[in-house]
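Student: So that we are looking at the same thing, I have put the structure below in structure tokens.
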Amino acid sequence: MQAVLADLKNQLHWVRGREIQTIFIGGGTPSLCSIEAMNALFTGLRTMLDFAKNIEITLEANPGASDGKKFSELYALGVNRLSIGVQSFDDRHLKNLGRIHSSHQAIKTVQQAQIAGFDNINIDLMFGFEEQRVDECLNDVKQAIALNPAHISFYQLTIEPNTLFAKCPPKLSQEENWEMQTQGHQLLEQAGFDQYEVSAFSQRPAKHNLNYWQFGDYLGIGAGAHGKITTDDKIMRTVQSKSPKDFIENNQSKTTTVEQVSFEFMLNALRLKAGFEPDLFMQRTGLTLKDIEVPLQKGFDLGLLSQKGNIKTTQKGFDFLNDCQALFL
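Numbering (the working numbering), first residue to last: 1162 to 1490.
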């Protein structure tokens, strides 16, 4: 924690005069940290940062990594939102994914967090596993809904390069994946979850996620962390070393200037169901709609985008989101 707080201290000049609206404590399983370490972290955060009155503080947790007592202690510290990496409620698929928790532990973890006082919980769910049937996927969605979280992230298994899954990708047809996605979306919407982003369904949208998707600024603190900062004359990305050893010993983030500003904005904003206000584009990029007139018009002509006040991705645009975003490259 000393290295993390030292990193924050080194980057404080980026946020002087700014009120902090959200904090996201992620990177795997921070819930495994001792309560003493978390207390030291929060003491440092409160000392160095100006917290907004209604600040959203999210902590990632994996099932089985915390118990009711730990959740109560985290809640008392000021954590007011949890993102729980359930992934599936099917033990067979959890084993194939290499997850060490069971479906029983996943359910128990959510319930323990709720008893501890958390009423703002996200459940992470994936679909598109090897040998997964549509009905199994929908059972996962139904179980997540039954736990009554405020937010459910529902997304297809992403295959990362140089991993076991990349060498042996799941053998599911596009039709099966499509059925899982569309029927899963229908179940969530029927249960009162609003799809405010491609893979995010909520009764209470995540403020941290919205800031990210609306091309807002954020500090990236700790090993492997990324940040985005806007100054008077440029937009910059910061990145820390992924190696914990190198991070602790050197504690120097690298900074690069964002060159394709309009593309980066669209890469995020086009994921939002509500789209974005033209003024927000100008505010966050320093550009005008005239600067993206050609790709914008092409998006309208192809039926990928629409505009009635906000510029929005159409259903066709969501179905071909990569193509829609690529217009702005």
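For each residue, glycine too, the CB sits at the ideal point set by N, CA and C.
Can you check whether the CB of Leu1465 is closer than 8 Å to the CB of Thr1474?
Tutor: Result yes, Cβ atoms of Thr1474 and Leu1465 sit closer than 8 Å.
Student: In whole angstroms, what is the alpha-carbon distance linking Asn1257 and His1174?
Tutor: Distance between the alpha carbons of Asn1257 and His1174 is about 45 Å.
Student: Only counting runs of 4 or more residues, tell me where the alpha helix (DSSP H) segments fall wholly within the segment 1397 to 1422, in order along the chain.
Tutor: 1405 to 1411
Student: Taking its Cβ as the centre, do 16 or more other Cβ atoms sit within 10 Å of Lys1415, making it buried, or is it exposed?
Tutor: exposed
Student: Are the segment 1268 to 1275 and the segment 1293 to 1313 touching by the rule of at least three beta carbon pairs closer than 8 Å?
Tutor: With a cut-off of 8 Å, the segment 1293 to 1313 and the segment 1268 to 1275 count as touching, because enough Cβ pairs lie within range.
Student: Can you look up Gln1304 in the DSSP assignment and give me helix, strand or coil?
Tutor: helix
Student: Would you please state the rounded distance, in angstroms, between the beta carbons of Phe1288 and Gln1266? I believe it to be under 8 Å.
Tutor: Actually they do not touch by this definition, with Cβ atoms about 20 Å apart.
Student: Could you tell me how far apart the beta carbons of Val1165 and Ile1382 are, in whole angstroms, since I believe they sit closer than 8 Å?
Tutor: 6 Å
Student: Please state whether DSSP places Val1271 in a helix, a strand or coil.
Tutor: Val1271 falls in the helix class under three-state DSSP.
Student: Please give the ranges of any alpha helix (DSSP H) in the segment 1195 to 1223, keeping only runs that are unbroken, at least 4 residues long and fully inside the region.
Tutor: 1196 to 1209
Student: Mapping the DSSP letters down to three states, classify Gly1246 as helix, strand or coil.
Tutor: DSSP places Gly1246 in strand when its eight states are reduced to three.
Student: Going along the chain, which unbroken runs of the beta strand (DSSP E) with 3 or more residues stay wholly within the segment 1438 to 1489?
Tutor: 1466 to 1469, 1471 to 1474
Student: Going by DSSP, what residues sit across from Thr1391 in a beta bridge?
Tutor: Ile1396
Student: What distance in whole Å lies between the Cβ atoms of Pro1310 and Ile1282, which are believed to be in contact at a cut-off of 8 Å?
Tutor: Yes, Ile1282 and Pro1310 are in contact; Cβ-Cβ is about 4 Å, under 8 Å.
Student: Among Ile1409, Met1397, Asn1372, which one has its Cα closest to the Cα of Ile1216?
Tutor: Asn1372
Student: Do His1346 and Gln1335 have their beta-carbon atoms positioned less than 8 Å apart in this structure?
Tutor: no
Student: Using DSSP's beta-bridge definition, name the partner residues of Phe1315.
Tutor: Leu1286
Student: With a CB to CB cut of under 7 Å and the five nearest residues on each side skipped, what residues in its chain are close to Cys1298?
Tutor: Phe1288, Met1341, Gly1345
Student: Quick one: Cα of Cys1485 to Cα of Met1427, how far?
Tutor: 9 Å
Student: So, Phe1185 versus Thr1208, is the Cβ gap smaller than 8 Å?
Tutor: Contact: no.
Student: If you drop the 5 nearest sequence neighbours on each side, which residues of the same chain put their C-beta closer than 6 Å to that of Gly1246?
Tutor: Asn1223, Asp1285
Student: Would DSSP call Leu1431 helix, strand or coil?
Tutor: coil
Student: Would you tell me roughly how many angstroms separate the C-alpha atoms of Thr1446 and Arg1260, rounded to the nearest one?
Tutor: 40 Å
Student: Tell me the rounded alpha-carbon separation between Lys1451 and Gly1478.
Tutor: 21 Å
Student: Please classify Leu1202: is it buried, with 16 or more other beta-carbons within 10 angstroms of its beta-carbon, or exposed?
Tutor: buried
Student: Within the continuous alpha helix (DSSP H) that includes Tyr1357, where are the two ends?
Tutor: First-last for Tyr1357: 1355 to 1358, but that is the beta strand (DSSP E), not the alpha helix (DSSP H).
Student: Does DSSP classify Thr1343 as helix, strand or coil?
Tutor: In the structure shown, Thr1343 sits in a helix (DSSP, three-state: H, G or I).
Student: Report yes if the CB atom of His1312 is closer than 8 Å to the CB atom of Thr1183, and no otherwise.
Tutor: no
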